[in-house]
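In this note's numbering, the protein residues as written are 1129 to 1340. The C-beta atom is built at its ideal place from N, Cα and C for all residues, glycine as well. Down below is the structure, laid out as structure tokens.
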């Protein structure tokens, strides 16, 4: 509760953290800690090992605390801001080669801890776009067999490139060759799925044109 007896708001929590009041961090974790952990497990369990998931969570919490003054209520909810920081923390672990550059950027006054990693593609665009093609692609990824889905998610987390096959093989208890073959199958399945969608769209447009 706030001093006047009213419920503690997200802004109250942010202000407490800005003043280095640990009660603010405690309240944040009480309110959003479970959601942050759930997000990381859901999106990166097939990409990061358990210890790395814990590292991502700890890094995210530290950055939320450290950069509380950079939260802008006008740009979105506190929960969404925290999720983006957790996402970035996970992506940074995957991109170890970008670690030094990212660490230096933290001391830049314009550094946005909830922003995208340097030179990274948008990973969660499906959550902020009404593009039906992206939604179809997301559905197709969700429908892939578990290993293929994990590989594609790892590739996306790596900025749309190719996640390290050796790392994926170790996480999933298989070989690099299996990763290569599974990636190829997954990409082919996604290509077919999107092509089928495009054909359906063209067919509907053609039908509408004939009626007009």
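By the neighbour-count criterion, in which 16 or more other beta carbons inside 10 Å mark a residue as buried, residue 1320 falls on the exposed side.
When only Cα atoms are considered, residue 1154 and residue 1208 end up about 18 Å apart.
Residue 1204 carries a coil assignment under DSSP once its states are collapsed to helix, strand and coil.
The beta carbon of residue 1175 is closer than 8 Å to those of 1218, 1222, 1278, 1281, 1282, 1285, 1291, 1296, 1299 in its chain, skipping five residues each way along the sequence. In terms of Cα proximity to residue 1264, the closest of 1211, 1215, 1305, 1326 is 1326.
1323 is the residue among 1323, 1144, 1137 whose C-alpha sits nearest the C-alpha of residue 1262. Looking from the CA of residue 1187, the closest CA among 1197, 1214, 1142, 1172 belongs to 1214. The residue among 1308, 1313, 1294, 1307 with its C-alpha nearest the C-alpha of residue 1269 is 1313. Residue 1141 and residue 1294 have their alpha carbons spaced roughly 42 Å apart.
Taking C-beta atoms under 8 Å as the contact rule, residue 1181 and residue 1164 fail to qualify, at a distance of about 11 Å. Excluding sequence positions up to five before and after residue 1172, its CB lies within less than 6 Å of the CB of 1218, all in the same chain and listed in chain order.
When secondary structure is reduced to three states using DSSP, residue 1306 falls in the helix class.
Here residue 1192 is buried, its C-beta having at least 16 other C-beta atoms within 10 Å. For the alpha helix (DSSP H) assignment, the uninterrupted runs of no fewer than 4 residues enclosed by the region 1142–1216 are, from N- to C-terminal side, 1150–1156, 1162–1172, 1178–1194.
Distances from the CA of residue 1273 to each of 1333, 1307, 1289 were compared; the closest alpha carbon is that of 1307.
Here residue 1276 is buried: its Cβ has 16 or more other Cβ atoms, across all protein chains shown, within 10 Å.
With respect to the C-alpha of residue 1143, the residue from 1311, 1194, 1220 having the closest C-alpha is 1194.
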